[in-house]
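Under the numbering used here, the first residue of the sequence shown is numbered 13, with each subsequent residue one higher. Glycine is no exception: its CB is placed at the ideal position from the N, C-alpha and C atoms. Here is the structure we will look at, set down as structure tokens.
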Amino acid sequence: MKSIQAIILCFASLFLLTVGCEQIQNSMKADPDDTTVSISADDIDPIDTPLTGTVVIGEADDSFGNDDFALNSAMIDGDTLEISVSYSGGCEAHKFTLIVSDQFLESFPVQLNVSLAHNAMGDTCEAYPTEDYHFDLTPIKTMYQNAYRQDTGTIVLNLKDSPQELRYTF
């Protein structure tokens, strides 16, 4: 008797699942003859995945961009600089580049001038998004290790408009 009940329950579940999926598919189609399903960004919950920025050691040039932005926060976690920025735009993917001086400032601990370059990619939209970016600091660590022949060290990163001192210890 129990196996007959289990079989009936399986068939009922399969029937409900089939009907439910068919109704979902039908509700997603604008035209019953059209097999294309379209969704907008408003239909999807945003994923707060940080974006990856580029690190460049040396002089900055105009190709990296000089568009306005606000630096909301900056912190170092391990070998990663984590920043939060806001800017005008929202229609195009923007690019942020960390420009790193190739000369250490001799102090204790040593300092290094760094700056953020923002390329809005011609975005003229007027939204004001906030995004998180991560920058890999291992090229800075390698530069320090080669210059000072030390495996460990501390570098103060002088980042304009940073709300706090950025100490990179490795």
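Pro85 in three-state terms, based on DSSP:
Indexing the sequence shown from 1 puts residue 85 at position 73. The identity of residue 85 in the sequence shown is Ser, whereas the question assumes Pro. Per DSSP, reduced to three states, the secondary structure at Ser85 is strand.
Does Ser119 come out as helix, strand or coil in the three-state DSSP assignment?
On the sequence shown, position 107 is the one that residue 119 refers to. Three-state result, Ser119: coil.
Quick one: residues in its chain with C-beta nearer than 8 Å to the C-beta of Leu63, no 5 flanking neighbours on either side, listed in chain order?
In the sequence shown, the residue the question calls residue 63 occupies position 51. Around Leu63, the same chain offers Phe108, Glu143, Asp144, Tyr145, His146 as residues with beta carbons nearer than 8 Å, after the five sequence neighbours per side are excluded.
Taking the alpha-carbon positions, what's the Asp54 to Cys103 distance?
Within the sequence shown, residue 54 is the residue found at index 42, counting from 1. Within the sequence shown, residue 103 is the residue found at index 91, counting from 1. With a pLDDT of only 46 at Asp54, under the threshold of 50, the placement of this residue in the model should not be trusted; the figure read from the coordinates follows. Cα-Cα distance, rounded: 14 Å.
Neighbourhood of Pro151 by C-beta, 8 Å cutoff - its chain only, sequence neighbours within 5 removed:
Within the sequence shown, residue 151 is the residue found at index 139, counting from 1. Correct list, in chain order: Val67, Ile69, Val112.
So what does Gly101 bridge to, in DSSP terms?
Stepping through the sequence shown from its first residue, residue 101 is reached at position 89. Answer by DSSP bridge pairing, in chain order: Ala139.
Proximity to Leu198 [Cα-Cα], best of Gly134, Leu93, Phe182, Ser75:
Because residue 198 is not part of the residues shown, which for the chain are 13 to 182, the question remains open.
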